[in-house]
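In what follows, a single structure is set out as structure tokens and then discussed.
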Amino acid sequence: MNDKEVLNKAECKILVKSPSDEVVKDHALVDSHDGVLALVPKEPGPYSICVKCAGQGLLSSLGGGRKLRWSIAFEVLGASSLGLLPDPRNAAHLSHLKGTQAQVDVLLERINAISVENDYEKAFEAKFVKASEAVNMDVAAFKFLQIILITGVTAFQIHNLAKFLQRNKFLECCLPIAMRMKPMV
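Residues in the sequence shown are numbered from 1 upward in steps of one, following full-length UniProt numbering.
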């Protein structure tokens, strides 16, 4: 069993602790254990770097206390002024972090696009609601006007028909005496 298989089973983390023994960086080691960890300390003093592997039976899976090999390179800000330059191939560089920055930029662009689209949809919906309410008001007014006109025309026709029937005395022949209209004076 090699070191990578042990790490995959053990779920290891790199913890960076401040001088006040507070964890300021927690970095999980996943599939590929080659990588870069960057930290800008907020307070001066000695920082502790611990590799912590949590898993049951870690010592038994190591084959009786088998040790893991770790390679750690540090690039400390200001070390170049002291003449203590690390190997540039192993040092953390901005290019290692650009992939993450690009993903964050893409995510922020998507969030911004969604926000702009939501604002557009809200404005469009408000215009649509306003137009819909205006059309509904116009339709209701038109229906009310139609009802008034139909009622007026119906009353006019009934009035004229009654006058016509009275004038020509058609009601006297067909209706019983109690229902006949009396002539108006």
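The C-beta atom is built at its ideal place from N, Cα and C for all residues, glycine as well.
**OP:** Inspect the beta-carbon positions of Leu39 and Asp26 and report whether they are closer than 8 Å.
**Re:** Not a contact, by the Cβ cut-off of 8 Å.
Original post:
Name the DSSP beta bridge partners of Ile49, please?
Top reply: Under DSSP, Ile49 shares a beta bridge with Val16.
Original post:
Between which two residues does the beta strand (DSSP E) harbouring Lys25 extend?
Top reply: Looking at the DSSP string, the run of the beta strand (DSSP E) that includes Lys25 is 23-28.
**OP:** Just mark Leu107 as buried or exposed, buried being the case when its beta carbon has 16 or more other beta carbons within 10 Å.
**Re:** Counting the other Cβ atoms within 10 Å of the Cβ of Leu107 gives fewer than 16, which makes it exposed.
Original post:
Cα separation between Asp105 and Ser115?
Top reply: So the two alpha carbons sit approximately 15 Å from each other.
Original post:
Do you know how far the Cα of Gln146 is from the Cα of Ile158?
Top reply: A straight line joining the alpha-carbon of Ile158 with that of Gln146 spans about 18 Å.
Original post:
In three-state DSSP terms, what is Asn160?
Top reply: In the three-state DSSP reduction, Asn160 falls in the helix class (H, G or I).
Original post:
Alpha carbon to alpha carbon, what distance is there between Leu161 and Leu149?
Top reply: Each residue's Cα considered, the two are about 18 Å apart.
Subject >> For Val36, three-class secondary structure by DSSP >> reply: Residue state, collapsed to three classes: coil.
Original post:
Between the beta-carbon of Ala17 and the beta-carbon of Cys50, is there less than 8 Å?
Top reply: The displayed chain sequence assigns Lys, not Ala, to residue 17. Between Lys17 and Cys50, the CB-CB gap stays under 8 Å.
Original post:
Does the distance from the CB of Leu29 to the CB of Lys13 come in under 8 Å?
Top reply: A contact, by the Cβ cut-off of 8 Å.
Subject >> Lys122 - DSSP class collapsed to helix/strand/coil >> reply: DSSP places Lys122 in the helix class (H, G or I) of the three-state scheme.
Original post:
Looking at the structure shown, is Asn136 part of a helix, part of a strand, or coil, going by DSSP?
Top reply: Residue state, collapsed to three classes: helix.
**OP:** Give the straight-line distance between the Cα atoms of Arg110 and Asp119, rounded to the nearest whole angstrom.
**Re:** So the alpha carbons of these two residues sit roughly 14 Å apart.
Original post:
By DSSP, does Asn168 sit in helix, in strand, or in coil?
Top reply: In the structure shown, Asn168 sits in coil (DSSP, three-state: anything other than H, G, I, E or B).
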